[in-house]
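Undergrad: Encoded as C-alpha cells, here's the structure I'll be asking about.
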Amino acid sequence: MNVHEYQAKQIFAKYGVPVPKGYIATTVEEAVENAKKLGGKVWVVKAQIHAGGRGLGGGVKVATSLEKVEEFAKEILGMTLVTHQTGPEGKLVSKIYIEEGADIAEELYLGVVLDRAKEMPVIMASTEGGMAIEDVAANTPEKIIKVAVDPAIGFKGFHGRELAFGLGLPKEEIGKFIKFAAALYQVYMENDAEMIEINPLVKTGAGEFIALDGKMGFDDSALGRHPDIEAMRDLSEEDADEREASEYGLSYIALDGEIGCMVNGAGLAMGTMDTINYMGGTPANFLDVGGKANAETVAKGFEIILKNPNVKAIFVNIFGGIVRCDRIANGILEATKLVDVRVPVVVRLDGTNAAEAAVILKNAGIANVIAATDLGDGAKKAVAAAKGEL
Amino acid sequence: MSILVNKDTKVIVQGFTGKEGTFHAEQCLAYGTKIVGGVTPNKGGQTHLGQPVFNTVKEAVATTGATVSMIFVPPAFVSDAVMEAADAGIELAVIITEGAPVRDMQEAKSYATKKDMLTIGPNCPGIITAEECKIGIMPGAVFKKGNVGLISKSGTLTYEGANQVCNEGFGITTAVGIGGDPIIGLSYKDLLPLFEADPETEAIVMIGEIGGDLEIQAAAFIKDNITKPVVAFIAGQSAPAGKRMGHAGAIISGSAGTAAEKMAALEAVGVHVVISPADIGKKVAEVLGKK
C-alpha cells in the first residue's frame with residue numbers, strides 16, 4: 006500500500022524527521038486559508054497523487070503571493086495530472102498540499118529499501134538530489150552511497166558516519182545528518198515500510214536538513230498490525246475493478262488485449278499471458294484466482310473480466326494443487342447462470358480433481374465452452390476463438 | 011537419489027491440527043511421507059491423523075527424531091514458528107504459509123542461518139522427491155520418478171513444468187518450490203549444486219519470474235559450476251511495467267528484473283531458455299535426447 010506525500014510527512018514528523026509545515030486542502034478556499042495559516046511569503050502548492058514526477062507534469066507550483074496560491078490551487082485541483090508513472094490516462098487531482106516555502110541551498114537524496122540479496126534494509130544517500138534516482142544509478146552509480154543495516158543490531162553510529170562522510174558533508178552538519186538518517190531508519194522499521202524515498206532532502210541556507218518530499222510504500226502483509234497506516238489508504242487511488250476483485254480474493258490487473266485470462270497462481274497467470282502473446286494473441290488482463298477459489302469467486306472473476314468491452318474470448322487455465330478443478334468447473338457453470346458470458350470460453354483444467362471437473366463440464370453441455378488438453382492447446386484455441394476462427 | 015528429502019526423512023508439522031495443516035498433512039501421509047508428529051501449542055498429548063501432537067518443537071524432535079518441519083501456522087506466527095524450529099535443531103523448515111510480513115521473515119531467516127537450519131519458502135508449494143516424500147501442497151500424482159530436477163518460484167508453474175516433463179516420458183528426482191517473496195530460504199544458486207551433485211539428476215528445469223535478481227545470480231553460478239543441462243522459463247515477459255511509486259527496489263539489485271534481462275543472462279551461459287511455458291517439456295526431451 007502507498008500513501009500520499011502529506012501522509013508520509015505526518016509519519017516522518019512523529020519520529021522527529023524534519024518536514025516543512027503544511028496543510029492539506031480539497032478546495033481553493035481551503036488552500037488560501039492554509040497559506041494564511043502558514044504565514045510567510047512563499048508557499049508551495051503540491052498535487053497529492055500516488056505517482057512521482059508531479060513537478061514536471063505541472064502538479065507542483067511555487068507561489069509568492071496569496072493570489073498566486075489561489076491561482077495555482079484553481080489550476081491544480083481537478084486537473085488530470087500525467088507523469089511518467091501515471092500512464093497516459095493520468096490521475097485526477099482531488100487534494101493539494103499547501104506547504105511553507107523552503108530556503109534551498111542543496112538538494113540531496115535519501116531512501117530506505119529492502120536489499121533482497123543482503124536480506125537487510127539498505128539506506129541509500131546521494132548528493133544528486135532532485136534528479137530521477139534511476140538516472141543517477143545508471144549514469145553515476147558511484148554517487149549513490151549504500152549502507153545495509155542488520156536489524157539485529159539496528160542503526161549504529163558507524164552506519165550514520167559512512168553515509169554522512171560519504172556525502173562529503175562539512176563537520177558541523179555530520180551530527181545532524183546522522184540523526185536524520187537514524188530517525189528515517191526507525192520510521193522504516195517500526196511501520197513495516199517497503200520503501201521510503203526523500204527526493205529531495207534539502208539542506209537549507211541555515212544548514213538544516215528537511216524532507217522536502219516524501220514517498221512511502223508499506224508491506225501489505227504487515228498492515229494488520231498498523232491500523233493507523235491502513236486508515237491512510239486512499240481508495241480513489243486504486244483501480245475500482247482491481248479493488249473489487251481483491252475483496253473476493255482475486256488478484257486482477259487490466260491490460261489492453263483481447264483475451265481474458267483466469268488462472269490460478271501468479272506465475273502460471275503470467276506464463277499464460279506469455280503463451281498467448283507467443284501464439285499471436287493479446288491478454289486482456291492478469292487474473293490470479295488464488296488458492297481458495299470457489300464457485301462464487303470464479304463467477305465474480307468472469308463478471309470482472311467481461312466488464313472489459315475489448316474481451317473477445319476467455320481462457321481459463323487451472324492447474325489444481327490446492328485449488329480443486331471440480332470447484333472451478335462448478336464456478337464456470339455458476340458464472341454462466343449469473344453473468345451473460347458473451348464470448349467463447351476455452352477451459353483447461355489439470356491437476357487435483359481434473360477428471361471430475363471434465364465430467365461436470367461435459368454433462369452441463371454449455372455452448373461457448375471449449376475444452377483444451379494442455380496449456381499450449383488452450384492458448385492456441387483462445388487465440389483462434391478471439392479471432393473468430395473457432 | 012534425490013536432494014534434501016527422501017523416503018526416510020522424518021517430518022513434523024507445525025500448525026498440525028489447523029484446517030490447512032490437517033488437509034495437507036493427510037495428503038502427505040497418503041503420498042508416503044514419514045510424518046511422525048506435529049506441534050500445536052495447548053494440544054500436546056493428543057493424537058491427530060494417527061500421529062502424536064506436541065506443545066513444542068523441542069519435545070517433538072526429542073521424541074520423534076524429526077529433522078524436517080513443514081510449517082502451516084497463520085502468517086502472524088510464522089517467524090516465531092521458524093525460529094522455534096531452528097532453536098530445536100530442525101535441519102530444514104518448509105514454510106508453506108502465505109502472507110508473512112517481510113520484516114518477520116528477515117528476522118526468522120537471519121536466526122535460521124545462525125542456527126544452520128535451511129529454509130524453503132515462505133509462500134511456496136514445498137518440496138517433493140517423486141514417489142518418496144512430499145512436504146508441501148503440490149498435487150502428488152503429477153510427480154513421477156525420473157531424472158529431472160526442478161526449481162521454481164511459482165507454485166502452479168512447478169506443477170505445469172513437472173507435468174510436461176512427465177508427459178514426455180521423463181520424470182522428476184526432486185522438485186522445489188522456492189517461493190517468490192522478497193525474503194526466501196533456499197534459492198536457485200543453493201539448489202543447483204545439490205542437483206549437480208545428485209547422480210540421478212540428468213537435467214535441471216529452472217522456472218523464474220520478473221522482479222528481483224535471483225535468476226541473474228543463478229546464471230552467474232551456472233557459468234562456473236553447473237555441467238548438467240538447464241532448461242529455463244521466465245514468467246512475465248508480457249507483464250506491463252508496474253505503476254510503482256519509487257524505483258528504489260530496482261536500483262539496489264542493479265537491474266530492473268525484467269524477463270528479457272533474465273532470459274539473456276541465462277542464454278549467455280548456455281541455459282536452454284524457452285519463450286513459452288508450454289515448451290518446457292519438449293525442451294527437456296530435446297536436451298536429454300541429445301545426450
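Chains as they are written, first to last, in the working numbering: chain A, 6 to 395; chain B, 11 to 301.
Heads up, the beta-carbon is just placed ideally off N, CA and C, and yes, glycines get one too.
Drop a sphere of 10 angstroms on the beta-carbon of residue 394 of chain A, count the other beta-carbons inside from all chains shown, and report buried for 16 or more, exposed for fewer.
TA: Exposed, because fewer than 16 other Cβ atoms sit within 10 Å of the Cβ of residue 394 of chain A.
Undergrad: Please list, in chain order, the residues of the region 224-236 of chain B that have any C-beta partner in chain A closer than 7 Å.
TA: Cβ contacts with chain A: none found.
Undergrad: Please classify residue 246 of chain B as buried or exposed, where buried requires at least 16 neighbouring CB atoms within 10 angstroms.
TA: When all chains shown are included, residue 246 of chain B counts as buried.
Undergrad: In chain C, which residues lie less than 8 Å from residue 181 of chain B when you measure between Cβ atoms?
TA: Of the protein chains in this structure, namely A and B, none is chain C.
Undergrad: Check the Cβ-Cβ distances between residue 248 of chain B and every residue of chain A, and say whether any is below 9 Å.
TA: Taking Cβ atoms only, chain A reaches closer than 9 Å to residue 248 of chain B, which makes this a yes.
Undergrad: Evaluate contact between the region 140-155 of chain B and the region 218-228 of chain B, counting only Cβ atoms and requiring at least three cross-stretch pairs below 8 Å.
TA: No, they do not touch.
Undergrad: Can you pull the DSSP bridge partners for residue 128 of chain B?
TA: Answer is B:102, bridged to residue 128 of chain B.
Undergrad: Just to confirm the assignment: which complete alpha helix (DSSP H) runs, minimum length 4, are found wholly within the region 315-367 of chain A?
TA: Entirely contained in the region 315-367 of chain A, the alpha helix (DSSP H) runs reaching 4 residues are, in chain order, 330-343.
Undergrad: Can you tell me where the beta strand (DSSP E) with residue 28 of chain A in it begins and where it stops?
TA: Note, residue 28 of chain A: beta strand (DSSP E), 27-30.
Undergrad: Can residue 37 of chain A and residue 74 of chain A be called in contact, C-beta distance under 9 Å?
TA: Going by C-beta atoms, residue 37 of chain A is nearer than 9 Å to residue 74 of chain A.
Undergrad: Mapping the DSSP letters down to three states, classify residue 177 of chain B as helix, strand or coil.
TA: Helix at residue 177 of chain B.
Undergrad: Bridge partners of residue 104 of chain A, per DSSP?
TA: The partner list for residue 104 of chain A (beta bridge, DSSP) reads A:27, A:49.
Undergrad: Please report the straight-line C-alpha distance between residue 18 of chain B and residue 203 of chain A, rounded to a whole angstrom.
TA: Approximately 54 Å between the Cα atoms of the pair.
Undergrad: Relative to chain B, which residues along the region 318-344 of chain A have a C-beta separation below 7 Å, given in chain order?
TA: Listed by position, the residues of the region 318-344 of chain A near chain B (Cβ gap below 7 Å) are 324, 325, 326, 327.
Undergrad: Let me make sure I understand the geometry here. Which of A:180, A:175, A:137 has the alpha-carbon closest to that of residue 164 of chain A?
TA: Considering only alpha carbons, the answer is A:180.
Undergrad: Which residues, taken in chain order from the region 284-295 of chain B, show a beta carbon closer than 8 Å to some beta carbon of chain A?
TA: Within the region 284-295 of chain B, the qualifying residues are 285, 286, 287, 288, 289.
Undergrad: Taking C-beta pairs closer than 8 Å, name the residues in chain A that residue 89 of chain B reaches, listed in chain order.
TA: Those within 8 Å of residue 89 of chain B in chain A number zero; the least Cβ separation is about 11 Å.
Undergrad: Going by C-alpha to C-alpha distance, which of B:190, B:153, B:295, B:150 sits closest to residue 244 of chain B?
TA: The residue with the shortest Cα to Cα distance from residue 244 of chain B is B:190.
Undergrad: I want to see whether chain B comes within less than 9 Å of residue 273 of chain A, judged by CB atoms only; does it?
TA: Answer yes: the Cβ-Cβ gap between residue 273 of chain A and chain B drops below 9 Å somewhere.
Undergrad: Once DSSP output is grouped into helix, strand and coil, what is the label at residue 284 of chain B?
TA: Residue state, collapsed to three classes: coil.
Undergrad: For residue 59 of chain A, return the contacting residues in chain B, with the cut-off set at a CB-CB distance below 9 Å.
TA: Within 9 Å Cβ-Cβ: nothing; residue 59 of chain A doesn't reach chain B, min ~11 Å.
Undergrad: Less than 8 Å between C-beta atoms, sequence neighbours within five positions excluded: which residues of the same chain meet that for residue 315 of chain A?
TA: Hits under 8 Å: 261, 262, 263, 289.
Undergrad: What are the residues of the region 211-227 of chain A that lie near chain B, defined by any Cβ-Cβ distance shorter than 7 Å?
TA: Taking 7 Å as the Cβ-Cβ cut-off against chain B, the residues of the region 211-227 of chain A that qualify are 220, 222, 224, 226, 227.
Undergrad: In the DSSP assignment, what residue or residues form a beta bridge with residue 62 of chain B?
TA: For residue 62 of chain B, which the question treats as bridged, DSSP gives the partners B:57.
Undergrad: Mapping DSSP to helix, strand and coil, what is residue 266 of chain A?
TA: It is a strand residue.
Undergrad: Nearest chain B C-beta to residue 85 of chain A closer than 9 Å, yes or no?
TA: Output row for residue 85 of chain A: interface = no.
Undergrad: Comparing alpha-carbon positions, which option in A:390, A:95, A:135 lies nearest residue 286 of chain A?
TA: Among A:390, A:95, A:135, the Cα nearest to that of residue 286 of chain A belongs to A:390.
Undergrad: Tell me the residue span of the alpha helix (DSSP H) that contains residue 234 of chain B.
TA: 224-235 is the span of the alpha helix (DSSP H), which, as asked, contains residue 234 of chain B.
Undergrad: Quick one: using the 10 Å Cβ neighbour count with 16 as the cut-off for buried, is residue 278 of chain A buried or exposed?
TA: With 16 or more Cβ atoms within 10 Å of its Cβ, residue 278 of chain A is classed as buried.
Undergrad: Using beta carbons (cut-off 9 Å, strictly below), is residue 282 of chain A in contact with chain B?
TA: Chain B contact via Cβ: present.
Undergrad: Grab the span of the alpha helix (DSSP H) containing residue 67 of chain B for me, first residue to last.
TA: Taken as a continuous stretch (DSSP letters only), the alpha helix (DSSP H) holding residue 67 of chain B covers 67-74.
Undergrad: Any beta carbon of chain A sitting closer than 9 Å to that of residue 104 of chain B?
TA: Taking Cβ atoms only, chain A never reaches closer than 9 Å to residue 104 of chain B, which makes this a no.
Undergrad: Is it buried or exposed for residue 84 of chain B, if we count other Cβ within 10 angstroms and need 16 for buried?
TA: Per the 10 Å Cβ criterion, exposed.
Undergrad: Starting from residue 123 of chain A and walking both ways along the beta strand (DSSP E), at which residues does that stretch end?
TA: It is not in any beta strand (DSSP E) - residue 123 of chain A carries neither H nor E in the DSSP assignment.
Undergrad: Of all the CB atoms in chain A, is at least one closer than 9 Å to the CB of residue 254 of chain B?
TA: Unreliable positioning characterises residue 254 of chain B in this predicted model, as indicated by a pLDDT of 42, which lies under 50. A coordinate reading is not provided.
Undergrad: Please list, in chain order, the chain B residues whose beta carbon lies closer than 7 Å to that of residue 260 of chain A.
TA: Ordered by position in chain B, the residues that pass the 7 Å Cβ test against residue 260 of chain A are 250.
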